[in-house]
Amino acid sequence: AQSVTQLGSHVSVSEGALVLLRCNYSSSVPPYLFWYVQYPNQGLQLLLKYTTGATLVKGINGFEAEFKKSETSFHLTKPSAHMSDAAEYFCAVSDSGGGADGLTFGKGTHLIIQP
Amino acid sequence: EAQVTQNPRYLITVTGKKLTVTCSQNMNHEYMSWYRQDPGLGLRQIYYSMNVEVTDKGDVPEGYKVSRKEKRNFPLILESPSPNQTSLYFCASSLWGGELFFGEGSRLTVL
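First to last, the protein sequences are chains F and S.
So the first sequence is numbered by the working numbering: it starts at 1 and just counts up by one.
So the second sequence is numbered by the working numbering: it starts at 1001 and just counts up by one.
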């Protein structure tokens, strides 16, 4: 069985500061890892994903995440926060190679940007 | 424009009154799924469908039904809604091995 733990239900950073959202996973097979973002009153959209290959993955809006197998982690970072980054972020794991059957979500982290 | 469309977006109903939330996608995706989102619990899968006439239970299927008679549509049916089904519901679809596309959500309140 696979699971995802997101550390911190709420994270607050100042505008221009580093954003770090933590995600740890457990999976019995090599995982496929995802970060989704949910803006207010909208559905989820894919930020980035790791399938195979390079462990540092770049996504949209300046976000990136690094897959660390030894730490079973897939933390999301952005060097400089912008007010428009305020949203809910979900980490997800799959053992089936994509968005279909088997995607397990974390409980989400609400990112707050302080002016 | 590629999209997943859910209706209604907002609904207030009473206990026991049957309702259906529709979901339609225009991307010819095989896979469709329903999730509910609750504060502190993240997204939990209700039902999913791998293709027409193929559906299966997710993590929290109790109190819900689905059908997949056409590839593009995957309605969620609450035969006898109860207050614990008050939630934000999302439909999603994808090709096999592809990105999951989400609808904008349907906020349901059961009184």
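Ideal Cβ placement from N, Cα and C applies to all residues, glycine included.
Only a predicted model underlies this, so the values are computations on that prediction, with no experimental measurement involved.
Chain S partners of residue i, CB-CB under 8 Å?
i, result
"serine 9(F)", "Gly1040"
"glycine 106(F)", "Gly1042"
"glutamine 42(F)", "Glu1104, Gly1105"
"leucine 46(F)", "Glu1099, Leu1100"
To the nearest whole angstrom, what separates the beta carbons of residue i and residue j, a pair I think is in contact under 8 Å?
i, j, result
"leucine 1076(S)", "valine 1021(S)", "5 Å"
"glycine 1105(S)", "glycine 43(F)", "6 Å"
"aspartate 95(F)", "serine 27(F)", "6 Å"
"tyrosine 32(F)", "tyrosine 50(F)", "7 Å"
"phenylalanine 63(F)", "leucine 1043(S)", "Contact flag wrong, Cβ pair sits at about 19 Å."
"threonine 72(F)", "tyrosine 25(F)", "6 Å"
Less than 7 Å between C-beta atoms, sequence neighbours within five positions excluded: which residues of the same chain meet that for residue i?
i, result
"glutamate 66(F)", "Thr55, Leu56, His75"
"glutamate 15(F)", "Ala81, His82, Met83, Ile113, Gln114, Pro115"
"leucine 1100(S)", "Ala1092, Ser1094"
"glutamine 1037(S)", "Leu1043, Ser1087, Leu1088, Phe1090"
"tryptophan 1029(S)", "At residue 1029(S) the sequence reads histidine, which differs from the tryptophan that was named. So the list reads Ser1093, Ser1094, Leu1095, once near-sequence residues are dropped."
Report all residues from its chain with a CB closer than 8 Å to the CB of residue i; omit the five preceding and five following residues, and keep chain order.
i, result
"tyrosine 1048(S)", "Tyr1031, Met1032, Ser1033, Trp1034, Thr1055, Asp1056, Gly1058"
"threonine 1086(S)", "Leu1108, Thr1109, Val1110"
"lysine 1069(S)", "Val1052, Glu1053"
"leucine 1045(S)", "Before going further, note that residue 1045(S) is glutamine rather than leucine in the sequence given. So the list reads Ser1033, Trp1034, Tyr1035, Gly1058, Asp1059, Val1060, once near-sequence residues are dropped."
Leaving out five residues on either side along the sequence, give the residues of the same chain with a beta carbon under 6 Å from the beta carbon of residue i.
i, result
"glycine 1040(S)", "none"
"cysteine 1091(S)", "Val1004, Gln1006, Cys1023, Trp1034, Gly1103"
"arginine 22(F)", "Leu7, His75"
"lysine 1071(S)", "Val1052"
"methionine 1027(S)", "Ala1002"
"isoleucine 1012(S)", "Thr1109"
"glycine 108(F)", "Glu88, Phe90"
"valine 1014(S)", "Leu1111"
"phenylalanine 34(F)", "Lys49, Ala92"
"serine 1080(S)", "Gly1016"
"threonine 5(F)", "Asn24"
"serine 3(F)", "Ser26"
Taking buried to mean at least 16 other C-beta atoms within 10 Å of its own C-beta, is residue i buried or exposed?
i, result
"arginine 1009(S)", "exposed"
"lysine 1017(S)", "exposed"
"serine 1093(S)", "buried"
"proline 1083(S)", "exposed"
"alanine 87(F)", "buried"
"proline 79(F)", "exposed"
"glycine 53(F)", "exposed"
"histidine 10(F)", "exposed"
"alanine 1(F)", "exposed"
"valine 13(F)", "buried"
"tyrosine 1089(S)", "buried"
"tyrosine 39(F)", "exposed"
"valine 29(F)", "exposed"
"isoleucine 60(F)", "exposed"
"leucine 123(F)", "With chain F covering 1 to 115 only, the question about residue 123(F) has no answer from this structure."
"leucine 18(F)", "exposed"
Chain S partners of residue i, CB-CB under 7 Å?
i, result
"leucine 103(F)", "Leu1100"
Does the beta carbon of residue i sit closer than 9 Å to a beta carbon anywhere in chain A?
i, result
"leucine 111(F)", "Of the chains in the structure shown, none is chain A; the protein chains are F and S."
Under the criterion of a Cβ to heavy atom distance below 8 Å, does residue i qualify as lining the ligand ATP?
i, result
"proline 1083(S)", "The model on display carries no ligand, and the ligand ATP is accordingly not part of it."
With 7 Å as the C-beta to C-beta threshold (strictly closer), list the residues of the segment 1077-1104 of chain S near chain F in chain order.
Phe1090, Ser1094, Trp1096, Gly1097, Gly1098, Glu1099, Leu1100, Phe1102, Gly1103, Glu1104
Taking only beta carbons into account, state which residues of the segment 1026-1059 of chain S come closer than 7 Å to chain F, listed in chain order.
Tyr1031, Gly1040, Leu1041, Gly1042, Leu1043, Tyr1048, Met1050
Closer than 9 Å, Cβ to any Cβ of chain S: which residues of the segment 52-80 of chain F, in chain order?
none
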